[in-house]
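Written below as structure tokens is the structure these notes are about.
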Amino acid sequence: MNRFQKQNVRLLPSKNKGFTLIELSIAIVAALVLIGIGLYFYNNVKNETGAMNATNGVTAISSAVKALYPNPSYTGLSSALLIQSGKAPQNMVSGTGASATLVNNWGGTVTVAPANYNGGTANAMAITFPSVPRSACNSVFSAAGANFQKIEINNTAVKDDSVPTAATAATVAAACDTENNSMVFTAT
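Using the numbering used here, read the sequence shown as starting at 385 and increasing by one per residue.
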């Protein structure tokens with residue numbers, strides 16, 4: 385081979401070493417699928433963590449009220465009194481002084497008030513937990529249910545110990561039918 389032929393061989397285009405459009409498209413689709421799966425699991429973990437925090441919060445409020453009111457007469461009970469007494473869970477208190485409120489992990493304003501239960505007057509406490517997402521509603525009910533005599537979800541009594549009917553999964557699921565559910569926990 386002479387010198388001229390060697391130069392021509394070197395000048396011939398070589399095969400490109402990059403990705404083709406099809407390979408790049410497959411890689412992008414695979415990455416998007418992995419991101420979607422990751423977001424799905426992240427949301428599930430986030431919702432379960434939120435449900436666990438809500439359960440801990442409502443149970444802590446109930447314990448704090450029982451410490452503040454050792455006798456089963458809850459006359460005068462309020463969220464403000466619970467906060468001012470220093471018994472409210474600090475991670476749920478938003479604001480300071482007279483404007484402080486109780487807030488759940490979904491941003492709903494939690495209220496605590498006396499309630500009438502099973503024919504009594506102010507013989508129970510009612511803890512109202514608003515803005516509970518549908519994905520956490522059933523978990524909060526299941527985890528906190530044993531600690532309360534009555535639980536209402538969106539004005540539907542799903543548990544009431546004064547009535548001999550047990551809550552069913554279908555009843556709870558039907559009551560937790562909105563994206564922002566309001567749960568009322570009543571205890572004596």
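Note that beta-carbon positions come from the ideal geometry of N, C-alpha and C, so glycine has one too.
Bear in mind the structure is a predicted one, so any value in this text is a computation, not a measurement.
Would you kindly work out how many angstroms separate the C-alpha atoms of Leu396 and Leu423, rounded to a whole number?
Only weak support exists for where Leu396 lies, its pLDDT of 49 falling under 50; the value from the coordinates is given anyway. Taking the straight line from one Cα to the other gives about 49 Å.
Please name the residue, chosen from Met567, Ser483, Val449, that lies closest to Thr586 on a Cα-to-Cα basis.
Missing from the structure shown is residue 586; the chain here goes from 385 to 572 and no further.
Quick one: which unbroken alpha helix (DSSP H) runs of 4-plus residues sit fully inside the region 499-534? Chain order, please.
The qualifying runs are 518-528.
At the level of alpha carbons, what is the spacing between Thr555 and Leu405?
Distance between the alpha carbons of Thr555 and Leu405: 52 Å.
Taking the alpha carbon of Val516 as the point to measure from, which residue in Leu416, Asn455, Val524 has its own alpha carbon closest?
The shortest C-alpha separation from Val516 is found at Val524.
Would you tell me roughly how many angstroms separate the C-alpha atoms of Glu563 and Gly470, rounded to the nearest one?
Looking at the two C-alpha atoms, the distance is approximately 32 Å.
Within the region 448-492, note down every full alpha helix (DSSP H) run reaching 4 residues or more, in order along the chain.
Within the region 448-492, the complete alpha helix (DSSP H) runs of at least 4 residues are 463-468.
Using a 10 Å radius around the Cβ and a threshold of 16 neighbouring Cβ atoms, would you call Gly492 buried or exposed?
Buried.
Apart from the five residues just before and just after Gly458, which ones in its own chain have a Cβ nearer than 6 Å to its Cβ?
It should be noted that the sequence gives Tyr, not Gly, for residue 458. Correct list, in chain order: Pro498, Ala506, Met509.
Would you give the residue range spanned by the alpha helix (DSSP H) that Val556 belongs to?
Counting along the chain, the alpha helix (DSSP H) containing Val556 begins and ends at 553-559.
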